[in-house]
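The opening position of the sequence shown corresponds to residue 6 in the working numbering, with each subsequent residue numbered one higher.
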Amino acid sequence: MSRDDAYLYDILESSRAALEYVGGKSREEFAKDAILQDAVVRRLEIIGEAAGRVSTATQKKYANLPWQAMKGTRNRVIHEYDSIELDIIWDIIQLDLPLLVSELEKIVSQK
Numbered sequence: 006m007s008r009d010d011a012y013l014y015d016i017l018e019s020s021r022a023a024l025e026y027v028g029g030k031s032r033e034e035f036a037k038d039a040i041l042q043d044a045v046v047r048r049l050e051i052i053g054e055a056a057g058r059v060s061t062a063t064q065k066k067y068a069n070l071p072w073q074a075m076k077g078t079r080n081r082v083i084h085e086y087d088s089i090e091l092d093i094i095w096d097i098i099q100l101d102l103p104l105l106v107s108e109l110e111k112i113v114s115q116k
């Protein structure tokens, strides 16, 4: 397995984990659970870190993936940890991660 393939699997695994963590939870439950928030934010950090390590060639090959958004989210939760907007994190979980998982599953199924 190439390094880029390993990073793609890391992104997929962390995306699935974040979705599993919040599965069945409401926005209000998420907002009240600091441990759950920490777990999800950690997974977003991993997603962004792995995305940043994927080669430019692979990023171009899979240009449909939101590379800049993944890296940007990581930078925001790392460097602006004191002002993370839970609504943004919740939207990422609810809207972005399911699409990311779907796209990554297509990619890894071809490997």
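Quick reminder that beta carbons are idealized off the backbone N, C-alpha and C, glycines included.
The way I'd put it, the segment 8-25 does touch the segment 40-57; three or more beta-carbon pairs between them come closer than 8 Å. Remark: C-beta atoms of Tyr12 and Ala62 do not approach each other more closely than 9 Å. Per DSSP, reduced to three states, the secondary structure at Tyr12 is helical. A residue is called buried once 16 or more other Cβ atoms fall within 10 Å of its Cβ, and Arg8, having fewer, is exposed.
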